[in-house]
Amino acid sequence: MNHTIARVPDGGVLAELFCVAFAFGASSGPQDNLDTAQDWALRHTGRNPGHTRFRREHTDHARVIRAE
Ligand SMILES: [Zn+2]
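Just add 6 to wherever you are in the sequence shown, counting from 1, and you've got the working numbering.
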């Protein structure tokens with residue numbers, strides 16, 4: 007029996023970027039899409055030119071469907 011898996015909008019998306027320039031860096035805060043979180047990182051580097059590395063946390067949801 008074959009199954010496929012694909013992203014679904016149900017449950018939403020959670021994306022947050024953390025500046026890792028310092029031990030207690032700033033973060034985008036939880037966002038409901040990755041682009042919004044990454045826009046924050048672009049602005050953050052614009053204000054703080056040395057802050058160029060970020061840790062990205064990104065979760066979404068997927069559903070497995072039986073393929074017959
Ligand atoms: Zn920073």
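All residues carry an ideal CB built from backbone N, CA and C; glycine is no exception.
query	result
With distances taken from CA atoms, which of 21, 66 and 51 is nearest residue 43?	21
Which runs of the beta strand (DSSP E), 3 residues or longer, sit entirely within the segment 30-68?	60-65
Quick one: residues with CB closer than 7 angstroms to any heavy atom of ligand 1, in chain order, please.	25, 27, 28, 31, 32, 50, 54 and 57
What's the call for residue 126, buried or exposed, on a 16-neighbour Cβ count within 10 Å?	Absent from the structure is residue 126, since the part of the chain shown begins at 7 and ends at 74.
State buried or exposed for residue 48, treating a residue as buried only when at least 16 other CB atoms are found within 10 Å of its CB.	exposed
Taking 8 angstroms as the threshold (C-beta atoms), are residue 16 and residue 64 in contact?	no
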